[in-house]
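Okay, structure first, notes after.
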Amino acid sequence: MRLILASASPRRRELLLTLVPSFEVIPSKVDESLIEENDPVQFALKAAEAKAESVVTEIDKGVIISADTVVSLNGCIIGKPKDEKEAYNILSHLSGSEHSVITGLCIIAMDGRKRKKFVDYEKTIVKMRELKEEEIISYLSHSNWLDKAGAYAIQEHGDRFIEYIIGDYHNVVGLPVKRLRKLLTQMIHSGIIDLSLLRDSNTLID
210 MRLILASASP RRRELLLTLV PSFEVIPSKV DESLIEENDP VQFALKAAEA KAESVVTEID
270 KGVIISADTV VSLNGCIIGK PKDEKEAYNI LSHLSGSEHS VITGLCIIAM DGRKRKKFVD
330 YEKTIVKMRE LKEEEIISYL SHSNWLDKAG AYAIQEHGDR FIEYIIGDYH NVVGLPVKRL
390 RKLLTQMIHS GIIDLSLLRD SNTLID
């Protein structure tokens, strides 16, 4: 059975490999700026679904996995910065505050004209410590922040800014592995996908 990751993110590729032994990558062609939704959870879910749907025409039979991660501060969506000035402003707003990292997940199982869709999301609370101006400037000059929701990557030196995390660390990186495994397990129990899809099929989550 073909397994497709509808994302070009190297972080998601690495995390998905911890669950499944092999898969193909077909990046989605979705312009997230065209999604009209202000609620962070609904935005993440709609974006993830749109990404998966954009790849449906590429296959006749198989499983498509997609994800979209957003950062939310006080209920408002914090997107990916377009330039260094915007990245600086984002980190300044996150400084000293709790924010939410939300990842929407969508899995579509295709078998000819038959299809099954599963959607879910994961939410993690992140508290960023108070940041000094020079810390932000140094981070932006030495780290890859351009394609990151919230203008930071926790796995790329962004962890130095974090006071605490409540929830799934991998969700902050970009793919909630535990939540995804539960979805895949549900699909296996329902007979939609084969048990051999998972790397360690002996430890299914009920």
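In terms of the working numbering, the sequence shown opens at residue 210 and continues consecutively. Virtual Cβ for every residue (Gly too), placed ideally from N, Cα, C. These numbers were taken from a predicted model, which means no experiment stands behind them.
Exercise. If you run the structure through DSSP and keep just helix, strand and coil, what is residue 276?
Worked result: strand
Exercise. Does DSSP put residue 350 in a helix, in a strand, or in coil?
Worked result: helix
For this session: Output the distance between the C-alpha atoms of residue 329 and residue 318, rounded to the nearest integer angstrom.
Result: 15 Å
Problem set entry | Alpha-carbon spacing of residue 215 relative to residue 297, whole angstroms | 30 Å
Exercise. With distances taken between CB atoms, is the gap from residue 381 to residue 374 smaller than 8 Å?
Worked result: yes
For this session: Can you give me the start and stop residues for the beta strand (DSSP E) that residue 327 sits inside?
Result: 323–337
Exercise. For residue 319, which beta-bridge partners are listed by DSSP?
Worked result: 271 and 324
For this session: Examine the Cβ distances between the segment 257–273 and the segment 308–325 and report whether three or more of them are shorter than 8 Å.
Result: yes
Problem set entry | Given 8 Å, three or more beta-carbon pairs between the segment 261–273 and the segment 233–250 | yes
Exercise. Starting from residue 226 and walking both ways along the alpha helix (DSSP H), at which residues does that stretch end?
Worked result: It is not in any alpha helix (DSSP H) - residue 226 carries neither H nor E in the DSSP assignment.
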